[in-house]
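> Counted from 1, the sequence shown has number 358 at position 359 by numbering that gives the first Met the number 0; the numbering is strictly sequential.
Cβ coordinates follow ideal geometry from the N, Cα and C atoms, glycine included.
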Amino acid sequence: MLVLIMAVHVTFAMNNISGKEPPLKPKSILKTMEKVADWQLAEWEKNGFRWPKWDWTNAAGYTGFFELGNISKNKAYHNFLLTVGNELGWNTGPNRFYADDYCIGQTYANLYVKYKDEKMIANFRLLADSIIARPHTESLEWKNEINHREWAWCDALFMGPPSLSYLATATGDSKYLDISDRLWWKTYDYLYDKEEHLFYRDGSNFGKKEKNGKKVFWSRGNGWVMGGLVRVIDNLPADYPARPKYIALYKEMAVKIASLQQPDGTWHTSLLDPESYPTKETSGTGFYTYALLWGLNNGLLNKSAYWPVVQKSWKAMVASIRPDGMLGYVQQIGWKPEPVSENSTAIYGVGAFLLAGSQMYQYLKIPN
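#1: Going by DSSP in three states, SER269 sits in which element: helix, strand or coil?
#2: Between which two residues does the alpha helix (DSSP H) harbouring PHE352 extend?
#3: Would you list, in sequence order, the uninterrupted beta strand (DSSP E) runs of no fewer than 3 residues that lie entirely inside the stretch 77 to 129?
#4: Which one of THR136, ARG133, ASN146 and LYS113 has the shortest CA to CA distance from ASN94?
#5: By the 10 Å Cβ neighbour count, where 16 or more other Cβ atoms means buried, how is TYR61 classified, buried or exposed?
#6: Is there contact between the stretch 263 to 275 and the stretch 227 to 247, where contact requires at least three CB pairs shorter than 8 angstroms?
#7: State yes or no: is the C-beta of ARG200 within less than 8 angstroms of the C-beta of TRP334?
#8: Suppose the cutoff is 7 angstroms on Cβ atoms and the five residues either side in sequence are ignored; what does the same chain contact list for LEU300 look like?
#9: Write down the C-beta distance between TRP217 and THR268 rounded to the nearest angstrom, noting that I regard them as a contact closer than 8 angstroms.
#10: If you draw a straight line from the C-alpha of LEU126 to the C-alpha of GLN361, how long is it?
#11: Pull up the DSSP beta-bridge partners for LEU67, would you.
#12: If we count Cβ pairs, one from each stretch, closer than 8 angstroms, do we get three or more for the stretch 253 to 262 versus the stretch 317 to 326?
#13: To the nearest angstrom, how far is the alpha carbon of ASN78 from that of TYR328?
#14: Sorted by chain position, which residues of the same chain lie with C-beta nearer than 7 angstroms to GLY264's C-beta, five sequence neighbours on each side aside?
#15: In this structure, what does DSSP give as the bridge partners for LYS208?
#16: For ASP180, collect the residues of the same chain with a Cβ closer than 7 angstroms to its Cβ; drop the 5 residues on either side in sequence, then sort them by chain order.
#17: Do you know offhand how far PHE65's Cα is from ASN109's?
#18: Go ahead and label GLU144 buried or exposed: buried means 16 or more other beta carbons lie within 10 angstroms of its beta carbon, across all protein chains shown.
#19: Do you know offhand how far ASN57's Cα is from ASP128's?
#20: DSSP has LEU176 in a bridge; who is on the other side?
#21: Determine the burial state of ILE82: buried for a count of at least 16 other Cβ atoms within 10 Å of its Cβ, exposed for fewer.
#22: Considering VAL308, what are the terminal residues of the alpha helix (DSSP H) in which it resides?
#23: Which two residues bound the contiguous alpha helix (DSSP H) that contains GLY283?
#24: Within 10 Å of its beta-carbon, does TYR189 have 16 or more other beta-carbons around it, so buried, or fewer, so exposed?
#25: What does PHE198 pair with, by DSSP beta-bridge criteria?
#26: Who are the Cβ neighbours of GLN261 in its own chain at under 8 angstroms, not counting the five residues just before and after it?
Structure representation (structure tokens):
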């Protein structure tokens, strides 16, 4: 018996050392996604919404719920989004030109494509027309509440461009793509560091340094960019003039982001000084996993180089889910690298996880 026990322990140890694990399967991915989403729905039911239903925090989460609803047999996820839309009268937030307040527009547009109910996009379309009519000539310098008028912070590249791009797909009107394209590259010109291949969060970070002397680049901020980037590309026609430019930016950032993954499988809140923020973080990690898997699914990234990266990051995120389904290690609302705790969660982190899961599910369903 002792010999048998020792043999089992040796075999187990050898399996761990060699990295052998049960293979990822679409069914297990979907089950994990539903577990996390169901926890969030139950949390809302029990304690109510932490932020207004139109708020960017929830709107980022809705993007993941929509994708989960596309692959799950459970109609609850899309029905939940329909309920939210109806309760809001299909309106965006009160600050009309503040990208955070119309992040929800991308979910409205996606629901319209599915259900063909004109009221779902009518109000957002009027707002988008107003965005087009504005001159957009102000500097993106971080002052005078410029973020209420322009995409002057990198988070906005997830909130604004995808919303306008999905609206273009929903309506068939390319003018919404064109304004998104114009404003995307305005933000790129101001916030993108062409040496580091990363975006500053906003102009207030220019010249700032981390404890190790490196520039300050926030993980979730660049996660917003990568997530927004692939959602924009998803809506660009093959012959859209700027499409190659977006793809070039995507590939350039993918190389950089993959190189910054930490041994624990995640990206810490400071991309260039992870030692000062040693705890893993799941919201930025979720957006990177989503964006990199999207690149694999669309043939833009090399499997041998990037599949190990997303395998590792997915495993790290799943390990951050409590038995009850709560996703932990989510940095709270912020605008810079900060410490993270095990029991910290937020709906935008759930959204990022569900987006990543939707792409992992798709990757595993398609023969590679």
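Taking the structure as given:
#1: Indexing the sequence shown from 1 puts residue 269 at position 270. Per DSSP, reduced to three states, the secondary structure at SER269 is strand.
#2: Looking up residue 352 in the sequence shown gives position 353. First-last of the alpha helix (DSSP H) with PHE352: 346 to 364.
#3: none
#4: As a first step, residue 94 is located in the sequence shown; it is residue number 95 there, counting from the start. With distances taken between Cα atoms, ASN94 lies closest to ASN146.
#5: In the sequence shown, counting from the first residue as 1, residue 61 sits at position 62. Burial call: buried.
#6: Between the stretch 263 to 275 and the stretch 227 to 247, the count of Cβ pairs shorter than 8 angstroms is below three; the stretches do not touch.
#7: Position 201 of the sequence shown, counted from the first residue, corresponds to residue 200. Position 335 of the sequence shown, counted from the first residue, corresponds to residue 334. If you check the CB distance, ARG200 and TRP334 come in under 8 angstroms.
#8: Here residue 300 is taken as the residue at index 301 of the sequence shown, counted from 1. The answer, listed in chain order, is ALA253, LEU291 and GLY294.
#9: Numbered from 1 along the sequence shown, position 218 holds the residue referred to as residue 217. Numbered from 1 along the sequence shown, position 269 holds the residue referred to as residue 268. With a Cβ gap of about 7 angstroms, TRP217 and THR268 count as contacting.
#10: Indexing the sequence shown from 1 puts residue 126 at position 127. Indexing the sequence shown from 1 puts residue 361 at position 362. Distance between the alpha carbons of LEU126 and GLN361 is about 33 angstroms.
#11: Position 68 of the sequence shown, counted from the first residue, corresponds to residue 67. In the DSSP output, where bridge partners are listed per residue, LEU67 has none listed.
#12: no
#13: As a first step, residue 78 must be located in the sequence shown, where it is residue number 79. As a first step, residue 328 must be located in the sequence shown, where it is residue number 329. Here the alpha carbon of ASN78 sits roughly 28 angstroms from the alpha carbon of TYR328.
#14: Locating residue 264 in the sequence shown gives position 265, counting from the first residue. Cβ within range, chain order: LYS311, SER312, LYS314 and ALA315.
#15: Residue numbering aside, residue 208 sits at position 209 when the sequence shown is read from its first letter. According to DSSP, LYS208 bridges with LYS214.
#16: On the sequence shown, position 181 is the one that residue 180 refers to. The answer, listed in chain order, is ALA241.
#17: Here residue 65 refers to the residue found at position 66 of the sequence shown. Here residue 109 refers to the residue found at position 110 of the sequence shown. Taking the CA atoms as reference points, PHE65 sits about 8 angstroms from ASN109.
#18: By 1-based counting over the sequence shown, the position of residue 144 is 145. By the neighbour-count rule (16 or more Cβ atoms within 10 Å), GLU144 is not buried but exposed.
#19: Taking the first residue of the sequence shown as 1, we reach residue 57 at position 58. Taking the first residue of the sequence shown as 1, we reach residue 128 at position 129. Whole-angstrom Cα-Cα distance: 24 angstroms.
#20: Counting from one through the sequence shown, the residue named residue 176 turns up at place 177. None; LEU176 has no bridge partner.
#21: The residue labelled residue 82 in the question sits at position 83 within the sequence shown. For clarity, residue 82 is Thr in the given sequence; the question names Ile instead. Burial call: exposed.
#22: In the sequence shown, residue 308 corresponds to position 309, counting from 1. Per DSSP, VAL308 is one residue of the alpha helix (DSSP H) stretching across 302 to 317.
#23: As a first step, residue 283 must be located in the sequence shown, where it is residue number 284. Note, GLY283: alpha helix (DSSP H), 281 to 296.
#24: Against the sequence shown, residue 189 aligns to sequence position 190. So TYR189 ends up on the buried side.
#25: Looking up residue 198 in the sequence shown gives position 199. DSSP, once it has assigned bridges, lists TYR191 as partnering PHE198.
#26: One-based indexing of the sequence shown puts residue 261 at position 262. Only HIS267, PRO273 and LYS279 meet the Cβ criterion.
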